[in-house]
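Peer 1: Handing you a structure now.
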Amino acid sequence: MHPRFFSLIAFLILATVFLPSLKALDNGSIPVSARPQWTQPVTCDPAATIDPSLVDYGYYYLLVDQQIHVEQKQDYRHYAFRVINNAGLTDASQIELSWEPSYEQFTLHSLSVWRNGTKHEWTNRIRWKEIQKEESLDILQYKETRTMLLVLEDIRVNDVVEYEFSITGTNPIFGDMTAGSFHHGYNYPMDTVHFRLLVDPRRPLSIKQHVRELPVSKVTTADGLHEYVWHEKNSPEVKAEERTPPWFWTYPWIEYSQWQSWEEVREWGTKLFALSASGDAATGLAELSERIAKDRGTGQGREERLIDLLRFVQNDIRYFGIEIGINSHKPRKPLEVAASRFGDCKDKALLFSELARLDGWDVVATLVHSDAGRSINDRLPSPYAFNHVIVKLTDQNGYRYWYDPTISHQGGDLRSTHVPHYGWVLSLGERPYAEGSLEYMLDELPGTIETHETFTGTGPDGSGTLEVTTVYSGKEANAMRWRLASTGRATMEKLYLDFYQRLFPGTEKTADVRSTDDPGKNVIEVYESYSIPQLWKKSTDEKTETLYVYPHTFSTYMDAFDKLPAERKFPLFLEKPYTVTHRVTIVSPLPLLVGNESHRTDNPWYALSYDAKKEDRTVTIQWEYRNLAETIAPEVFADFRKTVKKDNEDWAGYTATTGTVYDRTGGVAWPSIPFWAFILSNIAIAFSAYFMGAEFGKK
12 MHPRFFSLIA FLILATVFLP SLKALDNGSI PVSARPQWTQ PVTCDPAATI DPSLVDYGYY
72 YLLVDQQIHV EQKQDYRHYA FRVINNAGLT DASQIELSWE PSYEQFTLHS LSVWRNGTKH
132 EWTNRIRWKE IQKEESLDIL QYKETRTMLL VLEDIRVNDV VEYEFSITGT NPIFGDMTAG
192 SFHHGYNYPM DTVHFRLLVD PRRPLSIKQH VRELPVSKVT TADGLHEYVW HEKNSPEVKA
252 EERTPPWFWT YPWIEYSQWQ SWEEVREWGT KLFALSASGD AATGLAELSE RIAKDRGTGQ
312 GREERLIDLL RFVQNDIRYF GIEIGINSHK PRKPLEVAAS RFGDCKDKAL LFSELARLDG
372 WDVVATLVHS DAGRSINDRL PSPYAFNHVI VKLTDQNGYR YWYDPTISHQ GGDLRSTHVP
432 HYGWVLSLGE RPYAEGSLEY MLDELPGTIE THETFTGTGP DGSGTLEVTT VYSGKEANAM
492 RWRLASTGRA TMEKLYLDFY QRLFPGTEKT ADVRSTDDPG KNVIEVYESY SIPQLWKKST
552 DEKTETLYVY PHTFSTYMDA FDKLPAERKF PLFLEKPYTV THRVTIVSPL PLLVGNESHR
612 TDNPWYALSY DAKKEDRTVT IQWEYRNLAE TIAPEVFADF RKTVKKDNED WAGYTATTGT
672 VYDRTGGVAW PSIPFWAFIL SNIAIAFSAY FMGAEFGKK
């Protein structure tokens, strides 16, 4: 269902609740204030047009104008957009403007509508209400964000809506330091882009443009401020591509920062995450540590105790953040977090750090970005480069280990506990790994999946049975452990059964799905059992029977690339470390007319091996797939795509044949829904929550 449909439903619900009280003030006029005197007027051209075939959602922006006065702590915005069809009227007639009330103030300056070339004042034709939507609750954060809802009357196709507002105030957590950004580049051309920055020259400000540079002018104003202006007419479109790496910057942007080094950022963060529990706080945390050790009882070794502390914070402290004012970045007190049994990434990181420190470990909080961490080293130093907090531990030999206290349902020991590869990170504390610099995390440990399907023919009617064993280890075990915890057995059984029924109609389970879990080794095994009324398919002349099998555990990946355009401008994101073994054993009641075969793919992107071996009336086929690269450069994507397609067609399937004809065919009779695509599509929302990192200070 289209996301815009959900927006419409949300608006209708909102309207049902609020419209009876949406009474405009002052005879229908919403309060407005004059545009700040320091701003620079930018003219909207209502006659500017673009090709409507480039536009989604029925409207497009003509003007994006943003001006920031650092010293007055004001952010001024000026926009204009055109409605091109009825589909755009819903969005065009409803404007939502948000701010953080604990330290920001919102002011509307004007709202006008251009119709047939004439500009009309529209502030007396607005139904409005200040509401608290709390959209961040979707990611388990409470911010008290306020939203000005503007419902515009009588908006028509071809109208141009122009409005301007400003937000005053900055988060006191940053003191008098400043940093920010301007973003440009839409998926359609834009008539005018204008950015302006005013700053006291005594601030040592750094400015950097990314992806594509705009022309910039720098002058000194009459009152002695430095003025930077970026202005562009006919700003070109930017087309995103599917499966671009999350850390790759597709859209151009400009950033500025007063922080001159990462060391300055480290000093700022260290004050927030200082490990200083003493007195009653230290006593309370020590008592908590003892209770955890007693309740879990996994062992009295020092390393076992540490893992117990980590699992307590990961699993028993639920994820929820109260992000009001400075608490967007400042963690709550550890004992308070432990008592309330909830906290966000910074709360959980500080709690685990204090518990580990009191147990004698060298630990520090570490700032990371959950998506764009690989590109942080190309950014200007500032706290805005990070949105998540984890913990770094250094052992007596100087080895570093990383732990993410927000990831639940993990297994493994001190050295094998999985943490995503966050790229460049900044460790806090008094003794940084490298003075004043970022650290680059090592690649994450690969998880593995091993699937073994055993098909056994049971009679001359073509019936048979299927036994499936799947072994998950490492990060794949973590993901499966979470799925098992969040999805009932009945639902999981139905998902599995539905998949095999699409392959073999009439399939029924012969035993409940069961699983075993070894958290210490971080290994989960899942067992399935089915009866299949028509396992073997007779040929048209009824002289042979066939059974087609394929490595559904990983074939979704190979099948997906052929659906992408052959030409790319940006890198392709393959997948994080992924290693899969898929083995199929076929036991036939009749002689098998098949032979032994092997294949090895030799390329720099992935390793694929295939082996088929026959012994009497049993044949075993084994596929192994492993990523060798995480991204594919655009200039070699066509070759990569061609290689994958050939492997998919030639070696990602096997047809076992009985009778008088030998036929081994790959890449045919694929089911309509690949296995993991089918499973994950049913639990995608829950599964994504497993990997959700806390939004550390994200705005």
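For the sequence shown, the positions run 12 to 710 when this note's numbering is used. Virtual Cβ for every residue (Gly too), placed ideally from N, Cα, C.
1. Name, in chain order, the residues that DSSP records as bridge partners for ASP10.
2. What are the boundary residues of the beta strand (DSSP E) that includes LYS403?
3. For a minimum of 4 consecutive residues, which ranges assigned as the alpha helix (DSSP H) are wholly contained in the region 322-367?
4. Since TYR72 and MET201 are thought to touch, with beta carbons under 8 Å apart, how far apart are those beta carbons, to the nearest angstrom?
5. Is LEU558 helix, strand or coil by DSSP?
6. Could you check if ALA488 is buried or exposed, using at least 16 other CB atoms within 10 Å of its CB as the buried criterion?
7. If I measure Cβ to Cβ from GLU115 and keep anything under 6 Å in the same chain, skipping five residues before and after, which residues do I get?
8. Leaving aside the five residues before and after LYS84 along the sequence, list all residues of the same chain whose C-beta is less than 8 Å from its C-beta, in chain order.
9. Just the C-alpha distance for THR481 and ALA360, rounded to the nearest angstrom, thanks.
10. Scan the region 562-613 and note each continuous beta strand (DSSP E) run of 3 residues or more that stays entirely inside, going in chain order.
11. Secondary structure at MET159, three-state DSSP: helix, strand or coil?
12. Would you list the one or two residues that DSSP bridges to GLN633?
13. For VAL2 and PHE363, I'd like the C-alpha separation in whole angstroms.
14. By how many angstroms is the C-alpha of HIS120 removed from the C-alpha of TRP49?
15. Could you say which of TYR174, VAL172, THR666 and ARG138 lies nearest to LEU160 if we only look at CA atoms?
16. Which same chain residues, not among the five before or five after THR631, have their C-beta less than 6 Å away from its C-beta?
17. Among VAL402, THR261, ARG214 and GLY384, which has the Cα closest to the Cα of LYS250?
18. Please say whether GLU556 and TRP547 have beta carbons closer to each other than 7 Å?
19. Expressed to the nearest angstrom, what Euclidean distance is found between the alpha-carbon atoms of ALA522 and GLU536?
20. Taking the beta carbon of GLY280 as the centre, do at least 16 other beta carbons fall within 10 Å, making it buried, or is it exposed?
21. Which value, in whole angstroms, describes the spacing of the CA atoms of HIS195 and PHE648?
22. Would you kindly work out how many angstroms separate the C-alpha atoms of TRP110 and VAL402, rounded to a whole number?
23. Give the secondary structure of VAL222 by DSSP, where H, G and I count as helix, E and B as strand, and everything else as coil.
24. According to DSSP, is SER3 helix, strand or coil?
25. If you draw a straight line from the C-alpha of GLY458 to the C-alpha of THR590, how long is it?
26. If you follow the beta strand (DSSP E) that ASP373 is part of, which residue opens it and which one closes it?
27. Would you please state the rounded distance, in angstroms, between the beta carbons of LEU366 and LEU296? I believe it to be under 8 Å.
28. Using the three-state DSSP reduction, which class does GLU175 fall into: helix, strand or coil?
29. If you check the beta carbons only, do PRO582 and ALA667 fall under 7 Å apart?
30. Does the contact criterion of 3 or more C-beta pairs under 8 Å hold for the region 494-509 versus the region 559-572?
31. Report yes or no: do the region 204-224 and the region 236-243 share at least 3 C-beta pairs separated by less than 8 Å?
32. Quick check on LYS229: buried or exposed, where buried means 16 or more other Cβ atoms within 10 Å of its Cβ?
33. Which stretch, first to last residue, makes up the beta strand (DSSP E) that contains ASN245?
34. Please go through the same chain and pick out, in chain order, the residues whose beta-carbon is closer than 6 Å to the beta-carbon of VAL679, but skip the five residues on each side of it.
35. Alpha carbon to alpha carbon, how far is THR255 from LEU321? Give it in angstroms, no decimals.
36. Cβ atoms of LEU404 and GLU314: under 7 Å apart, would you say?
Peer 2: Taking the geometry as given:
1. The question about residue 10 has no answer here: the residues shown for the chain are numbered 12 through 710.
2. Mapped onto the sequence shown, residue 403 falls at position 392. Run containing LYS403: 399-405, per the beta strand (DSSP E) assignment.
3. Listed in chain order, they are 345-351.
4. On the sequence shown, residue 72 is found 61 positions in, with the first residue counted as 1. On the sequence shown, residue 201 is found 190 positions in, with the first residue counted as 1. At roughly 6 Å, the Cβ-Cβ gap stays under 8 Å, so TYR72 and MET201 are in contact.
5. Taking the sequence shown and counting its residues from 1, the one referred to as residue 558 is at position 547. Here LEU558 sits in strand by DSSP.
6. By one-based count along the sequence shown, residue 488 stands at place 477. Burial is judged here by how many other beta carbons sit within 10 angstroms of a residue's own beta carbon; ALA488 has at least 16 and is buried.
7. Stepping through the sequence shown from its first residue, residue 115 is reached at position 104. In chain order, ILE178 and GLY180 place their CB closer than 6 Å to the CB of GLU115, counting only its own chain and leaving out the 5 sequence neighbours on each side.
8. Taking the sequence shown and counting its residues from 1, the one referred to as residue 84 is at position 73. Here LYS84 has THR179, GLY180 and THR181 as same chain residues with Cβ atoms under 8 Å from its own Cβ, once five neighbours each way along the sequence are excluded.
9. Looking up residue 481 in the sequence shown gives position 470. Looking up residue 360 in the sequence shown gives position 349. Cα-Cα distance, rounded: 33 Å.
10. Whole beta strand (DSSP E) segments, 3+ residues: 589-598 and 608-611.
11. By 1-based counting over the sequence shown, the position of residue 159 is 148. In this structure, MET159 counts as strand in the three-state DSSP scheme.
12. Residue 633 sits at position 622 when you count from the first residue of the sequence shown. DSSP, once it has assigned bridges, lists ARG594 and ASP622 as partnering GLN633.
13. This structure leaves residue 2 out entirely; the chain is present only between 12 and 710.
14. Translated into positions along the sequence shown, residue 49 becomes position 38. Translated into positions along the sequence shown, residue 120 becomes position 109. Distance between the alpha carbons of TRP49 and HIS120 is about 14 Å.
15. Numbered from its first residue, the sequence shown carries residue 160 at position 149. For the set TYR174, VAL172, THR666 and ARG138, the Cα lying nearest the Cα of LEU160 is the one of ARG138.
16. Locating residue 631 in the sequence shown gives position 620, where the first residue counts as 1. Correct list, in chain order: THR596 and LYS624.
17. Locating residue 250 in the sequence shown gives position 239, counting from the first residue. Closest by alpha carbon: THR261.
18. The residue labelled residue 547 in the question sits at position 536 within the sequence shown. The residue labelled residue 556 in the question sits at position 545 within the sequence shown. Between TRP547 and GLU556, the C-beta spacing is below 7 Å.
19. Reading the sequence shown from its first residue, position 511 is the one you call residue 522. Reading the sequence shown from its first residue, position 525 is the one you call residue 536. Straight-line Cα distance between these residues: approximately 15 Å.
20. The count along the sequence shown starts at 1 and reaches residue 280 at position 269. GLY280 comes out buried.
21. As a working note, residue 195 is residue 184 in the sequence shown. As a working note, residue 648 is residue 637 in the sequence shown. When only Cα atoms are considered, HIS195 and PHE648 end up about 27 Å apart.
22. Here the question's residue 110 lines up with position 99 in the sequence shown. Here the question's residue 402 lines up with position 391 in the sequence shown. Distance between the alpha carbons of TRP110 and VAL402: 31 Å.
23. Here residue 222 corresponds to residue number 211 of the sequence shown, with the count starting at 1. In the structure shown, VAL222 falls within a coil segment according to DSSP collapsed to helix, strand and coil.
24. An answer regarding residue 3 cannot be provided, because it is not within the stretch 12 to 710 covered by the chain.
25. Here residue 458 refers to the residue found at position 447 when the sequence shown is read from its first residue. Here residue 590 refers to the residue found at position 579 when the sequence shown is read from its first residue. Straight-line Cα distance between these residues: approximately 7 Å.
26. Counted from its first residue, the sequence shown places residue 373 at position 362. 373-379 is the extent of the beta strand (DSSP E) around ASP373.
27. Your numbering for residue 366 matches position 355 in the sequence shown. Your numbering for residue 296 matches position 285 in the sequence shown. By a beta-carbon distance limit of 8 Å, LEU366 contacts LEU296. Their separation comes to about 6 Å.
28. What you label residue 175 is simply residue 164 of the sequence shown in a count that begins at 1. Strand at GLU175.
29. Here the question's residue 582 lines up with position 571 in the sequence shown. Here the question's residue 667 lines up with position 656 in the sequence shown. No, they are not a contact pair.
30. Touching, no.
31. At 8 Å Cβ cutoff, the stretches touch.
32. As a first step, residue 229 is located in the sequence shown; it is residue number 218 there, counting from the start. The residue in question, LYS229, is exposed, as its Cβ has fewer than 16 Cβ neighbours within 10 Å.
33. For the purposes of this step, residue 245 is identified with residue 234 of the sequence shown, where counting begins at 1. Counted as a single uninterrupted DSSP element, the beta strand (DSSP E) harbouring ASN245 occupies residues 237-246.
34. Within the sequence shown, residue 679 is the residue found at index 668, counting from 1. Interpretation of VAL679 is limited by its pLDDT of 34, a score under 50 that renders its predicted location unreliable; no figure is taken from the coordinates.
35. Within the sequence shown, residue 321 is the residue found at index 310, counting from 1. Within the sequence shown, residue 255 is the residue found at index 244, counting from 1. Put simply, the backbone Cα of LEU321 is about 33 Å away from that of THR255.
36. The count along the sequence shown starts at 1 and reaches residue 314 at position 303. The count along the sequence shown starts at 1 and reaches residue 404 at position 393. No, Cβ-Cβ distance for GLU314 and LEU404 is not below 7 Å.
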